[in-house]
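Some notes on the structure that comes next.
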Amino acid sequence: MRGELRKATGSGGQAAADILTVAVPTGRLFAESVSLLRRVGVLGAAPEAFDPPQERSLVLLAATGRILVVKPADIPVYVEHGAADAGIVGRDVLLEQGRDVYELVDLGFGSCRGVVAVRQGEEDAWPRGRTVRVATKYPRIAARYCERRGWPAEIIALNGAVELAPRVGLADAILDVVVTGRTLRDNLLVEVAEVFRSTARLVVNRASLRTKEAAVRRLIATVEGLKELPADEASGVAGGKPLPPAVRSESRDG
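Okay, structure coming up:
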């Protein structure tokens, strides 16, 4: 590990406290996450060079830091345990896991909604006071949602093809994320409730806020500056904003 860090520092001889390890997710948030890191100076290569992500999870970067390319659900784990100083992850993952990380910036991309959907024609019959079976990739969110509304529910955790569950009789409803709603329509499902909204978030390790405060401050300030500028001007943003109040990731699903 020490050898890897020396290699990452390059000829500039940056101190370890100036080098950030940032975890980015595979999947739909990957390209925009890599593009963002390139523009803020953490990643020097164009995003095309990392698409598709390499099989190895660790990618060393010259001079300014390194990135870890991991599954979205693993981002908060890496950050919470200090394997990464910071990470980019969807709010949906944070809501589901409740990890002890600082959620500092809404990055504004990767928008989606978490919704409850049922088969077409069953909108008025659900849930009607009976125990309902809800298939989802978000069992904790689903359980909290049903409990708050007083709905007796059996939560069925799935890892994929959630929209298939009502069609084959596995579940009465699903709770899943949608972007355009096309997948619901293609599977003859209709939305009956919105549970949460999600965008990509920048999260930071608690200890890194102390041990690498200057580097984290620069990252946050630059990212926030990028949100205010057109893409063609974003590369000129410099840090300097005060570090925003650090609050534990406690986003609430509605």
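Going by the working numbering, the sequence shown opens with residue 119, and the numbers climb by one from there. Glycine residues also receive a C-beta, built at the ideal position from the N, C-alpha and C atoms.
_Sequence-distant residues of its chain with Cβ nearer than 8 Å to L276 (five each side left out)_ = Result list for L276: A253, T254, K255 and A283, in chain order.
*Between V71 and V334, which are expected to be in contact by the criterion C-beta below 8 Å, what is the C-beta distance as a whole number of angstroms?*
No information on residue 71 is available, as it lies outside the stretch 119 to 372 that the chain covers here.
*Work out the CA separation of L212 and S175 for me, nearest whole Å.*
With a pLDDT of 49 at S175, under the threshold of 50, the modelled position of this residue cannot be trusted; read the value that follows with caution. So the alpha carbons of these two residues sit roughly 21 Å apart.
_Residue nearest to F227 in terms of C-alpha spacing, selected from I206, R303, V187 and Q215_ = Nearest in C-alpha terms to F227, of all of I206, R303, V187 and Q215, is I206.
*Grouping DSSP H, G and I as helix and E and B as strand, with all else coil, what is L222?*
Strand.
*Spell out a yes or no on whether the region 239-253 and the region 193-202 are touching, meaning 3 or more CB-CB pairs, one atom from each, closer than 8 Å.*
The region 239-253 makes no contact with the region 193-202; the number of CB pairs closer than 8 Å stays below 3.
*Would you report the Cα separation of I273 and I338, rounded to the nearest angstrom?*
Rounded to the nearest angstrom, the two C-alpha atoms are 38 Å apart.
*asked:* In the DSSP output, what is L307 paired with across the bridge?
replied: For L307, which the question treats as bridged, DSSP gives the partners R237.
_Give me, in chain order, the residues of the same chain whose beta-carbon lies closer than 7 Å to that of A380; leave out the 5 immediate sequence neighbours on both sides._
This structure cannot speak to residue 380, because the chain is shown only from 119 to 372.
_Among the candidates L186, G268, R266 and D304, whose CA atom is the shortest distance from the CA of V280?_
It is D304.
*List the whole-angstrom C-beta distance separating G232 from V295, where the pair is believed to meet the contact cut-off of C-beta under 8 Å.*
Between V295 and G232 the Cβ distance is about 5 Å, and since that is below 8 Å, they are a contact.
*asked:* Buried or exposed for S229, going by 16 or more other Cβ atoms inside 10 Å?
replied: That one is exposed.
*Exposed or buried, T378, counting other C-beta atoms within 10 Å across all chains shown (16 or more means buried)?*
A question about residue 378 goes unanswered here, because the residues of the chain that appear run from 119 up to 372.
*Would you decide whether D203 is buried or exposed? Buried here means 16 or more other CB atoms lie within 10 Å of its CB.*
Under this definition D203 is a buried residue.
*Under the three-state reduction of DSSP, which class applies to D136: helix, strand or coil?*
If DSSP states are grouped into helix, strand and coil, D136 belongs with the helices.
_Measuring alpha carbon to alpha carbon, tell me which residue in R328, G343 and R319 is nearest E150._
Relative to the Cα of E150, the nearest Cα in the group R328, G343 and R319 belongs to R319.
*Terminal residues of the continuous beta strand (DSSP E) containing V296?*
Unbroken beta strand (DSSP E) run through V296: A291 to V296.
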